[in-house]
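Here the protein sequences line up with chains A and B, keeping their order. Take the first sequence: its letters are residues 2 to 303, numbered as in the numbering used here. Take the second sequence: its letters are residues 2 to 303, numbered as in the numbering used here. Have a look at the structure below before the remarks.
Protein chains: 2
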Amino acid sequence: METVISSKTKTVIISPDHPFTIVGERINPTGRKLLAAEMAAGNFDRVVKDALAQVEAGAHILDVNAGIPMADEPGILAETIKLVQGITDVPISIDSSIVAALESGLEAYQGKALLNSVTGEDERLESVLPLVKKYGCAVIGISNDETGISDDPDVRFEVAKKIVERAMDHGIPKEDVIIDPLIMPIGAKRYAGRQAFSILRRIGEELGVNTCCGASNVSFGLPNRGPLNGTFLAMLISNGLTSAITNPIESEIKQAIMVADVMTGNDENCMAWIKANRRPPSAASGAGDRRERRRERRRSRS
Amino acid sequence: METVISSKTKTVIISPDHPFTIVGERINPTGRKLLAAEMAAGNFDRVVKDALAQVEAGAHILDVNAGIPMADEPGILAETIKLVQGITDVPISIDSSIVAALESGLEAYQGKALLNSVTGEDERLESVLPLVKKYGCAVIGISNDETGISDDPDVRFEVAKKIVERAMDHGIPKEDVIIDPLIMPIGAKRYAGRQAFSILRRIGEELGVNTCCGASNVSFGLPNRGPLNGTFLAMLISNGLTSAITNPIESEIKQAIMVADVMTGNDENCMAWIKANRRPPSAASGAGDRRERRRERRRSRS
């Protein structure tokens, strides 16, 4: 299964046989008062900084959200998308809960976008899927519906199935639908992790579509969230997750994704890992290498 | 499925619904010249140090191996086991490739031991399984046979199945058989990881027995092995691995196992994670917490 997303000049393939796809989450004013105020005032300096920093850190796609209360979201979203496309070549995930904003984003975007998102609610499906068909983009389908988010993973799977089938009814190829199984905070739902592992496997095996998730919700309320989010992401990847909306600037997350690529065989010859962890002989003193050499010595010595 | 291992005074349950079982690997002279020489000379100071340090670091079971060339392995293994049982209360994994040493270890051990190991070779099965039955211990079955280690995961699964069935023929309850699916170095076998994930799921679903593996072989030849071994272990756990012979003293491995316990729901109320990562208010400056608070501030600020 391959989902192809593109900008004018760059193509990204989301697939279980390609390196894990990182969708940079930072360009989002939700909970970022300062960014919200700046974007509303037409100041995009921070957007530029966040865009370049995330691409530098390894984002393959940038999520762009302009959800600012009392502001012209469709207009600001279109403007932000044009700006980001002007300074980077990575494809964009057009992120809004307002259909009019999604459409104005699609109007402004050059390439094949990822639309974020549609739920399993009939009203949403019937308003968003025609846009997906009209603009020929891909879409993230979130597995909740009119009844909310079910605690029963089988119900969430059925919602995912409904979204894929409804998309196909609209003439959208199923490889252009990416399912977000919705991951609950583990502090509140003890078996949220196990549920995520099994629903991801079912989506891959029974629906044969790609998957995406927000990776940090799981650690809500817990201390030292970096290792929790990073390692959990690797666990999800080993159960079939093929993309995530996350922050590649967080070192634990980036490193865990690199390890996961090695372990799924998608970091061919482990080149990315070796490149990131081997220091040139001159400066052969990377913490990792040093620690490793110490261990080897200890092992053989004692 | 529950595999019960015990010392005189302590019981360990290996199960998908209990915290992951760590079998400390350090008491093993293989590749440790100094330790080998000391053990052969009857000096067990380093064994004592390694035993206490691994228990302190969270080992639930201690693997004890006395494989020293030209030495009286059965005698030294029995002596080492008595010594370790004298200074710790954790159960022991009796580790040897020599049947006579396995038997003298079982003779010396007090409690229900874990025997490490038997392969799928008929000659080994017929010499080791009677010991397992006689002493009522549990055994690790390694999925290779006369033909060696197959590259085909289906063949390795069939060997695992044969070991479980043969054990039952000997009157050994299947919960006393733990399968090691054999994990190959990812640097040499690109899909060693994927194979491990799928064979672990099959063993859990189709054979319904617990599993064990050596966690560090996978990173052989690669730089910065700590994060590779730790994160890979968490990926294996999310696919059903229930125990590993590893080194809990290595921080990346211990942390990844703690995260995995949180994500499988086996760290109830995340208490172990919170205890290990929350600093008392007085010294509320744990790196993790500090980094976390910085992030939160950044998020809300910008």
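The beta-carbon is built from N, C-alpha and C at its ideal position, and this holds for glycine as well.
| Item | Value |
| --- | --- |
| Delimiting residues of the alpha helix (DSSP H) encompassing residue 57 of chain B | 46-57 |
| Minimum C-alpha distance to residue 215 of chain A - residue among A:239, A:243, A:85 | A:243 |
| Separation of residue 225 of chain A from residue 289 of chain B, as counted between CA atoms | Confidence in residue 289 of chain B is poor, its pLDDT being 48 and thus under 50, which makes the residue's placement too unreliable to answer from. |
| Same chain only: Cβ atoms within 6 Å of residue 164 of chain B, ignoring 5 sequence neighbours per side | 121, 142 |
| At least 3 beta-carbon pairs within less than 8 Å: the segment 99-116 of chain A vs the segment 131-141 of chain A | yes |
| Residue 78 of chain A versus residue 39 of chain A - alpha carbon distance | 13 Å |
| is_contact[residue 271 of chain A, chain B] using C-beta, thresh 7 Å | yes |
| Cβ neighbours of residue 228 of chain A in the same chain (closer than 7 Å, five flanking residues each side left out) | 253 |
| When A:42, A:56, A:266 are compared against residue 71 of chain A, the one with the closest alpha-carbon | A:42 |
| Whole-angstrom distance between residue 51 of chain B and residue 117 of chain B, CA atom to CA atom | 19 Å |
| Residue 144 of chain A - DSSP class collapsed to helix/strand/coil | coil |
| Amino acids of chain B, ordered along the chain, whose beta-carbon sits closer than 7 Å to that of residue 278 of chain A | 224, 225 |
| Cβ distance (whole Å) where residue 126 of chain B is taken to contact residue 167 of chain B below 8 Å | 5 Å |
| Contacts that residue 256 of chain A makes with chain B (C-beta to C-beta distance below 7 Å) | 228 |
| Option nearest residue 144 of chain A by Cα separation, candidates A:189, A:278, A:204, A:19 | A:204 |
| Residue interval of the alpha helix (DSSP H) (run including residue 90 of chain B) | From DSSP, residue 90 of chain B is part of no alpha helix (DSSP H); its letter is neither H nor E. |
| Endpoints, beta strand (DSSP E) assigned at residue 248 of chain B | Counting along the chain, residue 248 of chain B falls outside any beta strand (DSSP E), and DSSP gives it neither H nor E. |
| Touch test, the segment 180-187 of chain B against the segment 7-23 of chain B, Cβ-Cβ under 8 Å, three pairs minimum | no |
| Same chain only: Cβ atoms within 6 Å of residue 284 of chain A, ignoring 5 sequence neighbours per side | Annotation note: pLDDT 47 at residue 284 of chain A (below 50); position unreliable, no value reported. |
| Within chain A, the residues that residue 261 of chain B reaches when beta carbons sit closer than 8 Å | 232, 236 |
| Neighbourhood of residue 231 of chain B by C-beta, 7 Å cutoff - its chain only, sequence neighbours within 5 removed | 253, 254, 256, 257 |
| Presumed contact (8 Å Cβ cut-off) between residue 91 of chain A and residue 56 of chain A, rounded CB distance | 6 Å |
| Coarse secondary structure for residue 149 of chain B, derived from DSSP in three states | strand |
| Boundaries of the beta strand (DSSP E) in which residue 202 of chain A is found, first to last residue | Where residue 202 of chain A is concerned, there is no enclosing beta strand (DSSP E), although the alpha helix (DSSP H) it sits in stretches over 193-203. |
| Within-7 Å CB hit, residue 158 of chain A to chain B | no |
| Within-7 Å CB hit, residue 1 of chain A to chain B | Residue numbering for chain A in the displayed model covers 2 to 303; residue 1 of chain A lies beyond these limits and cannot be assessed. |
| CB contact below 7 Å: residue 247 of chain B versus chain A | no |
| Near-chain A residues of the segment 171-199 of chain B - C-beta to any C-beta below 7 Å | 187, 188, 191, 192, 194, 195, 198 |
| Residue 191 of chain A versus residue 279 of chain A - alpha carbon distance | 39 Å |
| Residues near residue 16 of chain B in its chain [Cβ-Cβ closer than 8 Å; skip 5 each side] | 2, 3, 4, 211, 243 |
| Neighbour list for residue 77 of chain A in chain B, Cβ cutoff strictly below 7 Å | Per Cβ cutoff of 7 Å: no residues; residue 77 of chain A is ~17 Å from chain B at best. |
| Cβ of residue 59 of chain B within 7 Å of any chain E Cβ | You won't find chain E in this structure, because its protein chains are A and B. |
| C-alpha gap between residue 32 of chain A and residue 19 of chain A, whole angstroms | 33 Å |
| Between the CA atoms of residue 34 of chain A and residue 27 of chain A - distance to the nearest angstrom | 13 Å |
| Straight-line gap, residue 99 of chain B to residue 80 of chain B (C-alpha atoms, nearest Å) | 16 Å |
| Candidates B:213, B:201, B:153, of which the one nearest residue 177 of chain B by Cα | B:213 |
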